[in-house]
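Student:
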Amino acid sequence: MKHFDTVILGAGAAGMFCAGSVLRADPAHRVLVIDHARAPGEKIRISGGGRSNFTNLATERGRFLSDNPRFCASALAGYRPGDFVALVDAAGIAWHEKTLGQLFCDGSARQLVDMLLHRMRQAELWLETAIGGVTQQGDAFRIETARGPVLAKNCVVATGGKSIPKMGATGFGYDLARQFGLRLVEPRAGLVPLTFAEQDLDLCRPLAGLSVEAEVSHGSGKRATRFRDGLLFTHRGLSGPAILQISSFWRPGEEISVDLAPSLDLAADLREQRGKAGRMALNTALARLLPARLAEAIIAELRLDGTRLADQPNAVLDRLAHRVHRWQLRPVGSEGWRTAEVTVGGVDCRDLEAKHMQARAVSGLYFIGEVVDVTGWLGGYNFQWAWASGHAAAMGI
Ligand code: FDA
1 MKHFDTVILG AGAAGMFCAG SVLRADPAHR VLVIDHARAP GEKIRISGGG
51 RSNFTNLATE RGRFLSDNPR FCASALAGYR PGDFVALVDA AGIAWHEKTL
101 GQLFCDGSAR QLVDMLLHRM RQAELWLETA IGGVTQQGDA FRIETARGPV
151 LAKNCVVATG GKSIPKMGAT GFGYDLARQF GLRLVEPRAG LVPLTFAEQD
201 LDLCRPLAGL SVEAEVSHGS GKRATRFRDG LLFTHRGLSG PAILQISSFW
251 RPGEEISVDL APSLDLAADL REQRGKAGRM ALNTALARLL PARLAEAIIA
301 ELRLDGTRLA DQPNAVLDRL AHRVHRWQLR PVGSEGWRTA EVTVGGVDCR
351 DLEAKHMQAR AVSGLYFIGE VVDVTGWLGG YNFQWAWASG HAAAMGI
């Protein structure tokens, strides 16, 4: 049987990064990384449209969802976006800031995978290797694999969440957590398009493919969460960054509110136009303020086709503005694991210690990355969590 100091389950962002950090601290440490996929870091490779949004300069704990919102702070403070940028620079990988602190590679995200592989080059990497059970044997872990059993002092679970099963995602980490007595926050799909009932699709379907700047909100009062970003109409509902962001907060049965023209005061703008050009058709006036397809669809829905601006009393203009600024929707669901970028929920942070991500009750067992109940907003935060939590575990090993 082969013996290692540390076995890492999962060669994704968190697992590879953790392996590299362990070896940087102690090059003699015997590390094995196991993955059932054919290639390591597949999600890195396809992320950000192939250029990977690998971190966000605005990283702070408020950009993460968790039942224990303070938990992630320690790991995030121990490894900051600038630390990862320094690695990327040292590897000669060119990058740029897109918007809102989001950093992307100028070229292919494969460069990042190569950098991470180089950083962990002293580790053994077993790909296309199924993992069977993990049990405790004395003060070590025995891991059954398709290449035979291995023994290790430390076992790091970095098998990610359930999103995109086609790319190798499984609930393995959750099962393992349960087996060792850790609690779970029910995993659900996050950063995912939302789907709607027939009556709401009447508007969405004809507009499929249209993208607008929108403000999408969830909840009310002080607890409301809002995102202003792109919104995309689809045949089954809504997508685009603003919707993906809100999807992580939304739960079945709840409503969301959409402002389809957040930088306008539509009622005031239409009144002003009525004063200046009352003979203008209402749909023409609206199409000056909104994308023409959207203006037409809303006018048709409110049965205001063929009317002139001058014929509309304030009440009608207010109704129209309300329809645009305060579209209330109750999604029937989401596109699910098939397209979700992340999993919200996971291993309950109450059962992990925040400094090194070690299970409180099982010495030597660590959980890092997306398998943990820490989920970032869209925009590079999830990779930063993978790097930071991987680094935190490595410092504890
Ligand atoms: P990750 O999923 O990366 O790795 C888990 C590994 O474990 C995989 O290699 C898998 O094969 C392996 N595994 C799972 N089950 C196993 C089993 N039973 N046996 C053996 N191996 C097993 N984030 C971001 O910050 N910026 C971005 O631009 C994007 N873009 C993006 C695009 C798309 C399409 C997706 C799906 C996701 C993103 N993300 C993102 C999210 C980001 O990819 C994700 O949060 C991290 O990859 C999580 O890293 P982990 O290492 O925890 O899991």
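Just so you know, we're using the UniProt record's numbering here: the sequence shown kicks off at 1 and counts up by one. Glycine is no exception: its CB is placed at the ideal position from the N, C-alpha and C atoms.
To the nearest angstrom, how far is it from the Cα of residue 1 to the Cα of residue 162?
Tutor: Taking the straight line joining both Cα atoms gives about 31 Å.
Student: So, at 6 Å on beta carbons, what are the nonlocal neighbours of residue 311 in its own chain, with the 5 sequence-adjacent residues on each side left out?
Tutor: Nothing listed; no residue qualifies.
Student: May I ask whether a heavy atom of the ligand FDA can be found less than 7 Å away from the beta carbon of residue 383?
Tutor: Residue 383: yes, Cβ under 7 Å from the ligand FDA.
Student: If the criterion is Cβ atoms closer than 8 Å, does the pair residue 11 and residue 26 meet it?
Tutor: No, Cβ-Cβ distance for residue 11 and residue 26 is not below 8 Å.
Student: Please look up how many angstroms separate the CB atoms of residue 54 and residue 112, rounded, as I've assumed it's under 8 Å.
Tutor: Confirmed, Cβ separation roughly 6 Å.
Student: Tell me the rounded alpha-carbon separation between residue 399 and residue 386.
Tutor: This structure leaves residue 399 out entirely; the chain is present only between 1 and 397.
Student: So, using beta-carbon positions, are residue 237 and residue 331 closer together than 8 Å?
Tutor: Yes.
Student: Is it right to say residue 272 is buried, meaning 16 or more other beta carbons lie within 10 angstroms of its own, or is it exposed?
Tutor: Its Cβ having fewer than 16 others within 10 Å, residue 272 is exposed.
Student: Where does residue 19 fall in DSSP's three states?
Tutor: Looking at residue 19 - three-state DSSP - the assignment turns out to be helix.
Student: Output the boundary residues of the alpha helix (DSSP H) element that contains residue 68.
Tutor: That residue, residue 68, is in no alpha helix (DSSP H); it is neither H nor E in DSSP.
Student: Helix, strand or coil, according to DSSP, for residue 79 in the structure here?
Tutor: If DSSP states are grouped into helix, strand and coil, residue 79 belongs with coil.
Student: Compare the beta carbon distance of residue 123 and residue 45 with 8 Å and say whether it is the shorter of the two.
Tutor: No, the pair does not count as a contact, with Cβ atoms beyond the cut-off.
Student: Can you round the beta-carbon distance between residue 377 and residue 63 to whole angstroms, since I take them to be within the 8 Å contact cut?
Tutor: The pair is a contact, with the Cβ atoms about 5 Å apart (cut-off 8 Å).
Student: I need the straight-line Cα distance from residue 270 to residue 292, nearest angstrom please.
Tutor: Each residue's alpha carbon lies about 15 Å from the other.
Student: Between residue 37 and residue 360, what straight-line distance do the alpha-carbon atoms span, to the nearest angstrom?
Tutor: Residue 37 and residue 360: Cα-Cα distance of roughly 30 Å.
Student: Relative to the alpha-carbon of residue 135, which residue among 221, 308 and 176 has its alpha-carbon at the smallest distance?
Tutor: Checked all of 221, 308 and 176; the closest Cα to residue 135 is 176.
Student: Quick one: what's residue 56 bridged to in DSSP?
Tutor: Beta-bridge pairing links residue 56 to 102.
Student: Just curious, the alpha helix (DSSP H) that residue 282 is in, first and last residue?
Tutor: From DSSP, the alpha helix (DSSP H) with residue 282 extends over 282-287.
Student: Mind checking whether residue 309 and residue 280 have CB atoms under 8 Å apart?
Tutor: Yes, these two residues count as a Cβ contact at 8 Å.
Student: Given 7 Å as the limit, tell me if residue 163 has its C-beta closer than that to any heavy atom belonging to the ligand FDA.
Tutor: Correct: residue 163 has its Cβ closer than 7 Å to the ligand FDA.
Student: Alpha carbon to alpha carbon, how far is residue 138 from residue 223? Give it in angstroms, no decimals.
Tutor: Approximately 48 Å, taken between the alpha carbons.
Student: Which residues in the same chain have their Cβ closer than 7 Å to the Cβ of residue 132, if we skip the five residues on either side of it in sequence?
Tutor: Counting only Cβ-Cβ distances below 7 Å, and skipping sequence neighbours, we find 144 and 145.
Student: Once DSSP output is grouped into helix, strand and coil, what is the label at residue 113?
Tutor: Three-state result, residue 113: helix.
Student: Tell me whether residue 295 is buried or exposed, calling it buried when 16 or more other Cβ atoms sit within 10 Å of its Cβ.
Tutor: Buried.
Student: On a Cα-Cα basis, can you pick out the residue from 381, 275, 191 and 303 that is closest to residue 251?
Tutor: The shortest C-alpha separation from residue 251 is found at 191.
Student: Using beta carbons (cut-off 8 Å, strictly below), is residue 283 in contact with chain C?
Tutor: This model lacks chain C altogether; it includes just one protein chain.
Student: From residue 213 to residue 255, what distance separates their C-alpha atoms?
Tutor: Approximately 20 Å, taken between the alpha carbons.
Student: Using the rule of at least 16 other Cβ atoms within 10 Å of the residue's Cβ for burial, across every protein chain shown, is residue 343 buried or exposed?
Tutor: Result: buried.
Student: State the DSSP-derived secondary structure class of residue 95, mapped to helix, strand or coil.
Tutor: Correct three-state label for residue 95: strand.
Student: Hey, out of 180, 199, 315 and 260, whose CA is closest to residue 290's CA?
Tutor: Among 180, 199, 315 and 260, the Cα nearest to that of residue 290 belongs to 260.
Student: Just to check my reading of the structure: residue 375 and residue 248 have Cβ atoms closer than 8 Å, yes? What is that Cβ distance to the nearest angstrom?
Tutor: Right, the Cβ-Cβ distance comes to about 6 Å (below 8 Å), so this counts as a contact.
Student: Among the candidates 300, 215 and 245, whose CA atom is the shortest distance from the CA of residue 263?
Tutor: That would be 215, whose Cα lies nearest to the Cα of residue 263.
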